[in-house]
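Peer 1: Sharing a structure, written as C-alpha cells. Questions coming.
Here it is in C-alpha cells:
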C-alpha cells in the first residue's frame with residue numbers, strides 16, 4: 001500500500017537516517033543490490049519504524065516525503081519472525097516498500113504465464129481476489145531482484161516450463177480405491193468421524209477445528225516420488241483442503257508438511273506448514289467446482305511439481321531451509337466439513353526403496369501458520 005501525501009508535526013532533516021537493527025540487514029542488501037544496477041542510495045535519508053497498521057496492511061511507504069518514511073506492521077513482523085521463511089518474506093516486504101520509496105515504483109499486478117506475479121511490486125487491489133504472496137525464494141529470487149531494479153520484460157524460463165518425465169523407474173507402494181479397506185484412520189469420536197462410504201474414504205470434522213489425517217511409514221519423502229489423489233470436500237469458500245506430505249510431530253524430525261490445497265472454486269495454495277501462509281495463491285479455471293478433482297505432486301531431483309486434473313500448474317525447488325523429509329502422507333480437512341477421497345496412489349523411485357517401517361495412522365490438529373491476506 002502506498003500513501004502519497006503525508007502531514008505530521010514531526011520534523012526531520014532530509015538526511016535523517018533512522019533504521020532500527022531489525023530492518024538494517026534488509027536495507028543494506030537493497031543498497032548493495034541497487035549498486036549492481038547503477039543506483040547509489042548511500043547518501044539518502046530514510047526512516048523505517050514499526051506501526052500498528054489497519055486492514056492487514058503489512059507495510060506502508062510514504063514515498064513523496066523527504067526523507068522517505070516506511071512503516072512496518074508490528075503484528076506482521078512478529079508473525080514472520082516465527083516462521084521458517086522469515087528471512088525471505090521480510091526481505092521481500094522491505095524491498096517492496098523501498099521500491100516505492102527509492103525507485104518510485106507503483107503497484108504492478110501483471111501475472112506470468114505460470115500464475116506467479118511478474119514483480120514483487122504487486123499489491124493493493126489484486127485480480128481474482130488473490131493474495132499478494134510472492135514465492136520469493138530459490139531459483140525465482142534472482143529474477144525478482146533484477147526485475148525490481150530494471151523493470152525487465154524478459155520472460156523467465158521457469159514461468160513457461162512444461163516438464164517431461166519419461167522412463168522414470170518407479171514402484172507403486174500404495175494404491176487405494178477404497179472398495180474395502182483404508183490406509184488412513186477409520187473411527188469416530190467427539191471431534192471427527194471417518195469411514196468408507198460408496199467406494200470413497202470420508203472424513204467429517206464435527207467442530208471448527210481443522211485436522212490432518214496421516215499415514216506414516218509408507219513413503220520415504222527423501223526419495224523421488226509421485227502422489228496422486230482424487231478429492232472433493234463440502235467446505236466453505238474461505239476454507240482450504242487437500243494433500244499433505246512430509247513430517248508432522250515425528251519426534252525424530254521437525255514438523256515440515258508440504259501442502260497442495262484447494263480454496264474455493266478457483267484457488268490453489270502451495271506451501272509448507274512452517275512458513276507464513278502459502279508460497280503462492282494460484283488462480284485457476286481448471287478445477288471442477290463441487291466435484292472430484294485430481295491432485296498430484298511429483299518430487300524429482302529436489303524439485304516439486306504440482307498437477308491438477310492431469311495438467312501441470314506449478315513447480316518450486318527445495319533447499320537447505322525448505323526441504324523435504326519424513327514419511328507422512330495424507331490430507332487436510334477444514335472444520336465443519338467432509339472430505340471425500342475417491343482414490344489414492346503413491347509411487348516411489350525404485351532405486352530409493354528400502355524396507356518399510358510399520359505403517360502408523362494418526363489424526364492431528366492442523367497447525368500450518370495462519371493464512372492472512374496481508375496487503376502491501
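Numbering (my numbering), first residue to last: 1 to 376. Note that the Cβ used here is the ideal one computed from N, Cα and C, for glycine as well. What you are looking at is a predicted structure, and each value in this text was computed from that prediction instead of being measured.
Is there contact here, the region 256-263 with the region 284-297, by at least three beta-carbon pairs under 8 angstroms?
Peer 2: Counting Cβ pairs under 8 angstroms, three or more are found: they touch.
Peer 1: How is the alpha helix (DSSP H) around residue 369 delimited, first residue to last?
Peer 2: Run containing residue 369: none; DSSP gives neither H nor E here.
Peer 1: Quick one: give me the first and last residue of the alpha helix (DSSP H) that residue 34 is part of.
Peer 2: 24-36 is the span of the alpha helix (DSSP H), which, as asked, contains residue 34.
Peer 1: Is the distance from the Cβ of residue 318 to the Cβ of residue 83 below 7 angstroms?
Peer 2: For residue 318 and residue 83, no; Cβs fall outside 7 angstroms.
Peer 1: DSSP on residue 2, reduced to helix/strand/coil?
Peer 2: Model confidence at residue 2 stands at a pLDDT of 45, short of 50, so the residue's coordinates are unreliable; what they give is reported in the following sentence. Note: residue 2 maps to strand in three-state DSSP.
Peer 1: Starting from residue 147, follow the beta strand (DSSP E) in both directions and report where the run begins and ends.
Peer 2: Element bounds for residue 147: not the beta strand (DSSP E) but the alpha helix (DSSP H), 141-150.
Peer 1: Okay, do the region 158-168 and the region 182-198 touch, 3+ Cβ pairs below 8 angstroms being the bar?
Peer 2: No contact exists between the region 158-168 and the region 182-198.
Peer 1: Mind checking which residues open and close the alpha helix (DSSP H) that includes residue 96?
Peer 2: 86-103 is the extent of the alpha helix (DSSP H) around residue 96.
Peer 1: Pairing CB atoms from the region 194-213 with CB atoms from the region 337-348, are three or more of them under 8 angstroms?
Peer 2: Touching, per the Cβ criterion.
Peer 1: In whole angstroms, give me the CA-to-CA distance for residue 284 and residue 219.
Peer 2: For residue 284 and residue 219, the distance between alpha carbons rounds to 29 angstroms.
Peer 1: Once DSSP output is grouped into helix, strand and coil, what is the label at residue 8?
Peer 2: Any reading at residue 8 must be qualified, since the residue scores a pLDDT of 47, below 50, and its modelled position is unreliable; no value is offered.
Peer 1: CB residue 250 to CB residue 267, shorter than 7 angstroms?
Peer 2: No.
Peer 1: For residue 310, name the three-state secondary structure that DSSP assigns.
Peer 2: It is coil, neither helix nor strand.
Peer 1: Whose C-alpha, out of 305, 235, 224, 306, is nearest the C-alpha of residue 350?
Peer 2: Checked all of 305, 235, 224, 306; the closest Cα to residue 350 is 224.
Peer 1: Output needed for residue 210: all residues of its chain with C-beta closer than 6 angstroms, excluding positions within five of it in sequence on either side, in chain order.
Peer 2: Here the set comprises 334, 335, 366.
Peer 1: Skipping 5 residues on each side, what residues in its chain have a beta carbon closer than 6 angstroms to that of residue 228?
Peer 2: Taken in chain order, the residues that qualify are 296, 345.
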